[in-house]
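Working notes, structure below.
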Amino acid sequence: MNQELFLRRRNKVHVPTGTGGATRAQVASAVQEIAVFRCVLSEPLIERISMLSAAELTHWLRGIVAVLRRQTGAHVHHRPLYPAFPEQVLKASEAELYLTAVLHYLTLWRLPPRRTFSTRDAGREFYIQSHRTGKRL
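Numbered according to this note's numbering, the sequence shown spans residues 2 to 138.
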């Protein structure tokens with residue numbers, strides 16, 4: 002069953018028939034993990050997942066949490082533009098801030114960690130690359 006499609010289109014989830022055995026604490030833990038994504042389980046759904054065994058509940062919960070992560074954007078690793086904000090911004094020159102803004106907003110490019118160029122890089126060629134096609138310009 003495609004949980005992602007079912008959850009996105011109908012706001013429902015599929016719970017397989019279980020063999021029973023999950024404790025109230027395990028069910029409560031599952032409800033709490035889902036509540037992190039601002040989702041509330043209905044009473045019939047809580048009763049249904051309490052009929053799963055501990056292993057079945059764990060497997061079901063992993064699938065649902067993975068879907069909720071993708072839907073809420075929690076699966077994406079956040080890299081701040083200025084990791085040492087606000088000190089980094091206050092110490093930067095106006096030109097550096099401008100270039101950072103141009104590279105970020107106009108080219109839709111995330112800046113990598115700062116890198117200093119050495120004499121090793123003196124003969125190296127740098128290219129402008131299209132963000133749409135990936136080809137060198």
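For glycine and all other residues, C-beta sits at the position ideal for the given N, C-alpha and C.
From a predicted model like this one, the values you see are computed outputs, not experimental measurements.
Please state whether the Cβ-Cβ distance between A31 and I50 is less than 8 Å. By the CB criterion at 8 Å, A31 and I50 fall inside the cutoff.
According to DSSP, is H60 helix, strand or coil? helix
In the DSSP assignment, find the alpha helix (DSSP H) that holds T101 and state where it starts and stops. 95-102
Does the distance from the CB of I47 to the CB of V14 come in under 8 Å? no
Enumerate in chain order the residues of its own chain whose CB-to-CB distance from Q89 is below 8 Å, with the five nearest sequence positions on each side excluded. Y83
Applying the 10 Å Cβ sphere with the 16-neighbour rule, what's the burial state of A23? buried
Is it a yes or a no for the segment 101-109 touching the segment 69-81, going by three-plus beta-carbon pairs under 8 Å? no
With DSSP collapsed to three states, give me the class of L8. helix
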